[in-house]
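For the record, the sequence lines run as chains A and B.
Using the numbering used here, you'd call the opening residue of the first sequence number 34 and step up by one each time.
Using the numbering used here, you'd call the opening residue of the second sequence number 137 and step up by one each time.
The structure under discussion appears below in the form of structure tokens.
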Amino acid sequence: MFLFSGTFFPVSRLPLPLEWVAYATPLWHGVDLCRELTLGSVHPLRALGHVVYLLAFVVVGLLWAERTYTRRLMQ
Amino acid sequence: MTSATIAGSRGGLLFERNLMVYRRTWMIIFSGVFEPLFYLFSMGIGLGHFVGKVPLPNGRLVEYASFVAPALLASAAMNGAVYDAGNVFWKMKYARVYDAVLSTPIGPADVAIGETAWALFRGFLYAISFMAVAGVLGLIDSAWGVLALPGAVLIGFAFAGLGVAATTFMRTWQDFELIALVQLPMFLFSATFFPLSTYPAAIQWVVRCSPLYHAIELLRALNLGTVGWAQLVNVAVLLLLGTGGLLVAQRRIGRQLLK
Numbered sequence: 034m035f036l037f038s039g040t041f042f043p044v045s046r047l048p049l050p051l052e053w054v055a056y057a058t059p060l061w062h063g064v065d066l067c068r069e070l071t072l073g074s075v076h077p078l079r080a081l082g083h084v085v086y087l088l089a090f091v092v093v094g095l096l097w098a099e100r101t102y103t104r105r106l107m108q
Numbered sequence: 137m138t139s140a141t142i143a144g145s146r147g148g149l150l151f152e153r154n155l156m157v158y159r160r161t162w163m164i165i166f167s168g169v170f171e172p173l174f175y176l177f178s179m180g181i182g183l184g185h186f187v188g189k190v191p192l193p194n195g196r197l198v199e200y201a202s203f204v205a206p207a208l209l210a211s212a213a214m215n216g217a218v219y220d221a222g223n224v225f226w227k228m229k230y231a232r233v234y235d236a237v238l239s240t241p242i243g244p245a246d247v248a249i250g251e252t253a254w255a256l257f258r259g260f261l262y263a264i265s266f267m268a269v270a271g272v273l274g275l276i277d278s279a280w281g282v283l284a285l286p287g288a289v290l291i292g293f294a295f296a297g298l299g300v301a302a303t304t305f306m307r308t309w310q311d312f313e314l315i316a317l318v319q320l321p322m323f324l325f326s327a328t329f330f331p332l333s334t335y336p337a338a339i340q341w342v343v344r345c346s347p348l349y350h351a352i353e354l355l356r357a358l359n360l361g362t363v364g365w366a367q368l369v370n371v372a373v374l375l376l377l378g379t380g381g382l383l384v385a386q387r388r389i390g391r392q393l394l395k
């Protein structure tokens with residue numbers, strides 16, 4: 034994920050199926066968001082999409098963690 | 137001491153033990169094949185497209201992927217060897233594997249030699265798979281490249297020696313962060329991703345002190361066919377580090393386990 038999420042080269046250089054895998058990774062959204070912000074080329078809708086996608090990971094991750102932690106620790 | 141005459145002769149038994157243990161967890165070994173390949177695809181081919189060609193000291197221009205591939209192989213050989221050294225720590229302190237081992241005729245020298253041989257064997261497997269892919273991609277520019285296989289084993293030997301020796305100084309898992317603290321900057325700044333000439337003159341001498349730098353120079357020269365006398369220095373440094381590390385490790389393992 035670290036090596037292929039648009040970190041070192043644009044994901045458009047990847048073969049097409051892998052390009053779509055890269056779009057699915059949370060890191061690509063983070064990388065693209067930071068890049069837009071630091072380069073000053075923010076597309077509001079696109080940036081919002083990144084934020085929503087990352088927030089979804091936060092919410093799902095926390096809910097999932099709560100369930101698995103409860104199962105592990107309460108038994 | 138009569139045992140000194142046969143010290144190390146039973147290292148093969150420990151090698152065999154590892155072989156049997158990893159038969160069940162071969163996936164751990166197999167996954168290591170992909171680490172250098174992922175770097176090769178990302179840095180060499182993905183990023184390399186934008187980098188273009190790299191000038192060698194003799195003025196020749198080579199593709200970035202050909203430039204970076206041998207460095208990635210050298211780094212992978214280092215990482216694998218150091219990782220195995222961490223394993224030795226776990227076996228020594230937590231699994232207490234050697235307590236049982238040393239109650240048999242197997243001695244500390246056998247342990248040091250057996251574990252190192254195992255690390256080398258593993259590094260050799262990784263080197264073969266990496267060179268095969270690099271070869272298919274046309275990233276090996278010279279027939280000397282064949283020697284990169286034993287070269288990678290030598291690098292594995294150097295870092296296995298260093299790693300096992302360093303491991304004997306570790307008290308807790310937290311101390312392993314120190315190894316990572318050395319290993320990562322070394323990986324990034326040993327002329328791995330860009331040539332030595334990029335650094336300021338004073339820093340170049342610091343880079344030359346890095347063991348990984350010698351590993352990378354050796355494999356790069358073999359891969360690009362620019363072999364010269366400097367490679368003898370590279371080989372000597374790696375041999376020295378490996379044997380020195382092993383001697384230290386053997387002494388300290390003996391002292392820690394047989395007290």
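Positions of the beta carbon are idealized from the N, C-alpha and C atoms, including for glycine.
Measure the C-alpha to C-alpha separation of Ser139 of chain B and Pro244 of chain B and round it to an integer number of angstroms. Its pLDDT being 48, under 50, Ser139 of chain B is placed unreliably in this model, and the value from its coordinates should be taken loosely. One C-alpha to the other measures close to 11 Å.
Any idea if Arg307 of chain B is buried or exposed, counting beta-carbon neighbours within 10 angstroms, 16 or more meaning buried? exposed
Below 8 Å, can you find three or more Cβ-Cβ pairs linking the stretch 374–386 of chain B to the stretch 308–319 of chain B? no
DSSP beta-bridge partners for Glu353 of chain B? Answer is none; Glu353 of chain B lacks a bridge partner.
Note down the Cα distance separating Phe325 of chain B from Thr240 of chain B, rounded to an integer number of angstroms. 44 Å
Limits of the alpha helix (DSSP H) - the one that Pro206 of chain B falls within: Tyr200 to Lys229
Look up Leu197 of chain B in the DSSP assignment and say whether it is helix, strand or coil. strand
So, helix, strand or coil for Val363 of chain B, using DSSP? coil
Identify whether Pro241 of chain B lies in helix, strand or coil by the three-state DSSP scheme. coil
Express the C-alpha separation of Ile315 of chain B and Ala295 of chain B in angstroms, rounding to a whole number. Per the sequence presented here, residue 295 of chain B reads as Phe, with Ala not at that position. Approximately 12 Å, taken between the alpha carbons.
Helix, strand or coil at Pro191 of chain B [DSSP, three-state]: strand
At a Cβ threshold of 8 Å, is Arg100 of chain A touching chain B? no
By the three-class DSSP mapping on this structure, what secondary structure does Ser167 of chain B have? helix
Of all Cβ atoms in chain A, is any one closer than 8 Å to the Cβ of Ser178 of chain B? yes
If you measure between the beta carbons of His185 of chain B and Phe42 of chain A, is that distance less than 8 Å? yes
Per-residue contacts from His185 of chain B into chain A (C-beta, under 9 Å): Phe42 and Arg46
Buried or exposed (CB count within 10 angstroms, at least 16 for buried), Asn223 of chain B: buried
Hey, Ala287 of chain B and Leu192 of chain B are a contact pair by Cβ (cut 8 Å); roughly how many whole angstroms apart? Residue 287 of chain B is actually Gly in this sequence, not Ala. Actually they are not in contact, since the Cβ atoms of Gly287 of chain B and Leu192 of chain B sit about 18 Å apart, beyond 8 Å.
Considering only C-alpha positions, which residue in the set B:Asn215, B:Gln319 and B:Phe312 is nearest to Glu171 of chain B? B:Asn215
Taking 8 Å as the CB-CB limit, is Tyr219 of chain B close to chain A? no
For His76 of chain A and Leu96 of chain A, the rounded distance between their alpha carbons: 30 Å
Secondary structure of Thr58 of chain A, DSSP reduced to three states: coil
Label Ile339 of chain B either buried or exposed according to how many other C-beta atoms from any shown protein chain fall within 10 Å of its C-beta, with 16 as the threshold for buried. exposed
Is DSSP giving Asp65 of chain A helix, strand or coil here? helix
For Tyr86 of chain A, the first and last residue of its enclosing alpha helix (DSSP H): Pro77 to Met107
With distance defined between alpha-carbon atoms, name the residue in B:Gly168, B:Gly188 and B:Val157 nearest to Phe131 of chain B. Residue 131 of chain B is absent from the structure shown; chain B starts at 137 and stops at 395.
Min CB distance Leu36 of chain A to chain B below 8 Å: yes
Using a Cβ-Cβ distance cut-off of 8 Å, determine whether Thr141 of chain B contacts chain A. The pLDDT assigned to Thr141 of chain B is 46, lower than 50, so where the model puts this residue is not dependable; a value taken from the coordinates is nonetheless given after this. So no, Thr141 of chain B is outside the interface.
Cβ shell of Ser45 of chain A (< 8 Å), same chain only, five flanking positions each side left out: Glu52
Name the two residues that bound the continuous alpha helix (DSSP H) containing Phe325 of chain B. Phe312 to Phe325
Short check: CB of Val300 of chain B to CB of Ala248 of chain B, under 8 Å? yes
According to the neighbour-count rule (16 or more other Cβ atoms, all chains shown, within 10 Å of its Cβ), is Arg232 of chain B buried or exposed? exposed
Does Gly274 of chain B have its Cβ less than 8 Å from a Cβ in chain A? no
Candidates B:Gly182, B:Leu183, B:Phe203 and B:Ile181: closest to Val190 of chain B by CA position: B:Phe203
Three-state secondary structure (DSSP) at Gly180 of chain B? helix
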